[in-house]
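Residue numbers (this note's numbering): 3 to 300. All residues carry an ideal CB built from backbone N, CA and C; glycine is no exception. From a predicted model like this one, the values you see are computed outputs, not experimental measurements. What follows is a set of notes on a single structure, which appears directly below.
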Amino acid sequence: MTSQNQKKTVSLVLGSGGARGLAHIGVIQVLEERGYDVRSISGSSMGALIGGIYAAGKLDIYSNWVCALDRLDVLRLLDVSFSGTAIFKGEKIINTLQELIGQQNIEDLPIAFTAVATDLEESKEVWLSSGPLCEAIRASIAFPTVFSAVPYQGKTLVDGGLLNPIPIAPTLRDLTDITIAVSLSGNAKVIPEEIPPVPEVPEERNKYHQKIIDFIDNLHRKENDKEDDAGFFDIISKSLDVMQSTIASFKLADYRPDILIEIPKDVCTIYEFERATELIEIGRQEATARLEEFDRTI
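What follows is the structure, encoded as structure tokens:
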């Protein structure tokens with residue numbers, strides 16, 4: 003760590019990508035350890051969730067909580083919606099988040115924060131930089147058909163990653179030294195073996211997990227559809243990855259950050275939140291490698 007790094011102020015951009023967003027925690031840990039001073043955060047979807055929690059000063063609390071979750075714990079956070087417009091309501095997740103970090107307004111946070119959502123009717127980005135933090139996060143993670151849309155000031159808001167999976171634009175007017183962006187759509191790569199393995203779950207619990215997953219899968223799977231062998235969530239995951247990778251490449255062509263940290267898109271699917279410990283370590287490794295490369299150029 004150099005004195006130069008200790009003085010660098012940072013605008014941090016955290017991209018969308020479901021469970022891969024847990025790697026953002028590892029990235030932030032490395033930034034802090036190397037002396038970077040994060041002054042501003044912009045995030046889409048899972049990037050908004052992790053970024054908002056960090057801006058609120060509660061990342062350690064969240065990290066300890068999420069690393070203790072197994073797959074059954076994750077499934078218990080999913081409140082099935084019978085509205086016909088989405089599989090889950092998303093209320094249980096946000097209520098749990100409020101219990102962890104409290105009810106805070108964005109404008110009162112010690113770090114400037116913007117959550118990016120999508121206005122479904124107007125087909126445009128909405129930048130949420132004031133008002134209740136958890137409400138902004140809820141809007142930014144509301145992926146259509148999976149989580150219910152969020153009514154907000156006469157708008158219908160859904161996941162920010164639909165239009166901007168790596169939202170650099172909200173940071174362009176920041177008076178910081180550098181912009182660091184974390185994309186969750188990096189090229190596929192083999193992850194080193196030393197990453198901590200995910201603890202095995204007893205066989206009887208695995209069977210219970212599978213029954214729950216099969217139930218959720220069947221909520222949106224057409225009966226007698228013999229042609230579609232893939233599960234609903236696998237289709238969602240792959241479709242989201244294709245869409246976000248394409249959009250992210252265009253956004254990065256328009257707005258190039260000073261440092262780009264890329265998390266390989268094949269490290270997990272968008273819903274494997276029980277792999278938090280592993281994904282945080284991946285974030286740490288990718289951040290360390292990229293920052294060391296950056297240090298050699300200055």
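- With respect to the C-alpha of K10, the residue from S83, I96, T178, S46 having the closest C-alpha is T178.
- Here E288 is buried. Its C-beta has 16 or more other C-beta atoms within 10 Å.
- Counting every other CB atom within 10 Å of its CB across the protein chains shown gives L174 a total below 16, marking it as exposed.
- Within the stretch 101-157, the complete alpha helix (DSSP H) segments of 4 residues or longer fall at 135-142, listed in chain order.
- DSSP, read as helix, strand or coil, puts L51 in helix.
- In this structure, the beta-carbon distance from V76 to E276 falls below 8 Å.
- In the DSSP assignment, L77 falls outside any beta strand (DSSP E) and lies within the alpha helix (DSSP H) extending over 73-78.
- Nearest C-alpha to Y273 among I237, C136, K91, I30: I237.
- A direct Cα-Cα distance of roughly 12 Å separates L164 from G20.
- Rounded to the nearest angstrom, the Cβ distance from G92 to F149 is 4 Å, consistent with a contact under 8 Å.
- Put simply, the backbone Cα of S185 is about 12 Å away from that of R258.
- Segment contact: the stretch 111-127 against the stretch 53-71, three or more CB-CB distances shorter than 8 Å; contact assigned.
- Distance check between D110 and each of V244, S131, A250, A278 places S131 closest, using alpha-carbon atoms only.
- In the DSSP annotation of this structure, the continuous segment of the beta strand (DSSP E) that includes A183 starts and ends at 180-188.
- Counting of Cβ neighbours within 10 angstroms places E280 among the buried residues, the total reaching 16 or more.
- Secondary structure of T271 (DSSP, three-state): coil.
- Excluding sequence positions up to five before and after Y154, its CB lies within less than 7 Å of the CB of A141, all in the same chain and listed in chain order.
- Less than 8 Å divides the Cβ of H26 from the Cβ of G285.
- Selection I139, P146, D260 evaluated against G45 yields I139 as nearest (Cα-Cα).
- For G92, the secondary structure class from DSSP, reduced to helix, strand or coil, is coil.
- For L159, the closest of D72, V269, L102, S47 by C-alpha to C-alpha distance is S47.
- By the Cβ-count criterion, P167 is buried, with 16 or more other Cβ atoms from all chains shown falling within 10 Å of its own Cβ.
- Around S247, the same chain offers S187, K267 as residues with beta carbons nearer than 7 Å, after the five sequence neighbours per side are excluded.
- For I261, the uninterrupted beta strand (DSSP E) run begins and ends at 261-266, by DSSP.
- Rounded to whole angstroms, the Cβ separation of I263 and V12 is 12 Å, and the two are not in contact under 8 Å.
- Judged by their CB atoms, G17 and A190 are not nearer to each other than the 8 Å cut-off.
- As DSSP reads the structure, L16 sits in a beta bridge with G45, V184.
- Put simply, the backbone Cα of K60 is about 26 Å away from that of F90.
- Assignment of D176 by DSSP, reduced to helix, strand and coil, places it in the coil class.
- The beta carbon of L102 lies closer than 7 Å to those of K60, I63, Y64, W67 in the same chain, with the five residues before and after it left out.
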